[in-house]
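Position 103 (the sequence shown) corresponds to 116 in our numbering; numbering is contiguous.
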Amino acid sequence: MQTYRLQQDVKVVCEEATSFPKGIKGAFDTLSHKINMEDRQVFGISNPYKGMIRYRAAATESFDGEGAELGFPTFTIERGNYLGETLLNWQSNEMMIMSIFNRLVADKRLAGSAHCIEWYKSHTELLCMVLMKPDVDAGLAIDITL
14 MQTYRLQQDV KVVCEEATSF PKGIKGAFDT LSHKINMEDR QVFGISNPYK
64 GMIRYRAAAT ESFDGEGAEL GFPTFTIERG NYLGETLLNW QSNEMMIMSI
114 FNRLVADKRL AGSAHCIEWY KSHTELLCMV LMKPDVDAGL AIDITL
């Protein structure tokens, strides 16, 4: 595990999955058919919701207010310190994502209401992140800018 410092809030447009985990691919497919995904950062955002897992496929807004203009729900990935772990060759290791998040959310330094953030940095590299409590020392955090 590593600590990361996100310098600013990141606003994303979202497409909610119809189910978890089976609906994840469909949510990304729907999002990519509605917006051009080139030159955007791509995320998966999940959290417990009414006894289930709520999952949203997400991509950065290309301009302020894009989500509202296109009728998309939006979400803000909060700036702050994150605990994270990188997964390489994630497409061949998708089952590892849940194991990584189980380790991350067990850490006492995390904010109680934090969402699990999957940052798809490339077709092979995924960074799994969860927001830390604001009063926790992140130590030597790696700065990230999206």
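For every residue, glycine included, the Cβ atom is placed at its ideal position computed from N, Cα and C. Note that this is a predicted model, so its numbers are computed, not measured.
Please report the Cβ distance between residue i and residue j, rounded to the nearest whole angstrom; I am assuming they are in contact, meaning their Cβ atoms lie under 8 Å.
i, j, result
"F113", "R18", "It should be noted that the sequence gives Ile, not Phe, for residue 113. The pair is not a contact, with the Cβ atoms about 19 Å apart (cut-off 8 Å)."
"V26", "F85", "4 Å"
"A40", "R67", "Going by Cβ atoms, the distance from A40 to R67 rounds to 11 Å, so no, they are not a contact pair."
In the DSSP assignment, find the beta strand (DSSP E) that holds residue i and state where it starts and stops.
i, result
"T73", "M65 to T73"
"I90", "T87 to I90"
"N60", "V55 to Y62"
"V143", "E138 to L144"
"I48", "Unbroken run through I48: none, as it is neither H nor E."
"D156", "I155 to I157"
Residue i by DSSP, collapsed to three states: which one?
i, result
"R18", "strand"
"T31", "coil"
"N102", "coil"
"R38", "The identity of residue 38 in the sequence shown is Lys, whereas the question assumes Arg. Correct three-state label for K38: helix."
"I130", "strand"
"G97", "strand"
"V149", "coil"
Buried or exposed: which applies to residue i, given that a residue is buried once 16 or more other Cβ atoms fall within 10 Å of its Cβ?
i, result
"S135", "exposed"
"E51", "exposed"
"M166", "Missing from the structure shown is residue 166; the chain here goes from 14 to 159 and no further."
"F76", "exposed"
"Y62", "exposed"
"G97", "buried"
"A119", "exposed"
Measuring only from the beta carbon, is residue i closer than 7 Å to any heavy atom that is part of the ligand GTP?
i, result
"D42", "With respect to small molecules bound, the structure shown includes none, and the ligand GTP cannot be examined in it."
From which residue to which residue does the alpha helix (DSSP H) around residue i run?
i, result
"F114", "M108 to V118"
"A81", "E79 to L83"
For the stretch 133–148 against the stretch 88–104, do three or more pairs of beta-carbon atoms, one drawn from each stretch, fall closer than 8 Å, so that the two count as touching? yes
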